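In our numbering, the protein residues as written are 6 to 144.
In this text, a Cβ means the ideal position worked out from N, Cα and C, and glycines have one as well.
If you're wondering where the values come from, they're calculated on a predicted model, not measured in any experiment.
Written out below as structure tokens is the structure these notes cover.
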Amino acid sequence: SMNIDNASQLILDSGPVIINIVGKNTDGTDKTTPFLLNSSISYAAGVSNKWDPMNLQINYAGSGTVKLDNAAIAVAEINAPNALVFINSSQLYGSAIGDKIKLDNAATLHFDRHLQTAAGGLTFVAGNDMLTAFTWKKF
Numbered sequence: 006s007m008n009i010d011n012a013s014q015l016i017l018d019s020g021p022v023i024i025n026i027v028g029k030n031t032d033g034t035d036k037t038t039p040f041l042l043n044s045s046i047s048y049a050a051g052v053s054n055k056w057d058p059m060n061l062q063i064n065y066a067g068s069g070t071v072k073l074d075n076a077a078i079a080v081a082e083i084n085a086p087n088a089l090v091f092i093n094s095s096q097l098y099g100s101a102i103g104d105k106i107k108l109d110n111a112a113t114l115h116f117d118r119h120l121q122t123a124a125g126g127l128t129f130v131a132g133n134d135m136l137t138a139f140t141w142k143k144f
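The following block contains the structure:
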């Protein structure tokens, strides 16, 4: 698990950085909130494109909560397909994949369309951002 709390800093001096979260307690039980960001992620002076979400990828396969809180600002890809991605009073620039995504208290999710075509489409964008087919027919 990873908690970046109030006055803490996560400073990336190069990218891409991939963070894989297991989300287990020492006794093997699942953590409720395996990733908590209560601060902003910043980049060292040498990073050329600080606004490229491909510089930081956060992966979590469990069913806990991935949370950005307390006016946090992150430029990242969050891949947590079985988890609740909860953005509260914070901003995420990039993408989020979750079982459920909840934005609360003026939170914003700025999807970066660059992720759809970057690296030949090898990022974790679930699919097209628009409806491509529809039918009333039953299976």
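CA-to-CA distance, residue j to residue i, given in whole angstroms
i: I46; j: K72; result: 14 Å
i: V130; j: D74; result: For V130, the predicted structure reports a pLDDT of 47, less than 50, and the residue's modelled location is therefore unreliable. The matter cannot be settled from this model.
i: N67; j: M7; result: As written in the sequence, residue 67 is Gly, which differs from the Asn given in the question. Between G67 and M7, the C-alpha separation is close to 14 Å.
i: I63; j: G99; result: 11 Å
i: L120; j: A81; result: 11 Å
i: K55; j: I106; result: 24 Å
i: L97; j: D32; result: 32 Å
i: T34; j: L108; result: 27 Å
i: G125; j: A112; result: With a pLDDT of 47 at G125, under the threshold of 50, the modelled position of that residue is not reliable, and no figure is offered here.
Selection from the options that minimises the alpha carbon distance to residue i
i: L42; options: R118, N11 and N84; result: N11
i: I83; options: D32, K55, H119 and A101; result: A101
i: L114; options: P86, D104 and A79; result: A79
i: A77; options: V90, S95 and I63; result: S95
i: Q14; options: T34, T38, T37 and S44; result: S44
i: Q40; options: A112, A49 and I9; result: Position check: residue 40 holds Phe in this sequence, whereas Gln was assumed. Nearest C-alpha to F40: I9.
i: F91; options: N25, G33 and T38; result: T38
i: A49; options: N25, D18 and I106; result: D18
Beta-carbon proximity list for residue i, same chain, < 6 Å, skipping 5 on both sides
i: A20; result: At residue 20 the sequence reads Gly, which differs from the Ala that was named. Closer than 6 Å at Cβ, skipping near neighbours: N60.
i: A85; result: Y65, V71 and G103
i: N25; result: N64
N-terminal and C-terminal residue of the beta strand (DSSP E) that residue i is part of
i: D109; result: Q96 to D109
i: T113; result: T113 to F116
i: K72; result: T70 to L73
Exposure label - residue i; buried when at least 16 CB within 10 Å
i: S53; result: exposed
i: G69; result: buried
i: I16; result: exposed
i: D57; result: buried
i: I23; result: exposed
i: V27; result: exposed
i: D117; result: buried
7 Å CB neighbourhood of residue i in its chain, flanking five on each side removed
i: A88; result: Y65, G67, S68, G69, T70, V71, G103 and D104
i: N110; result: N93 and S94
Same chain only: Cβ atoms within 8 Å of residue i, ignoring 5 sequence neighbours per side
i: N30; result: K36
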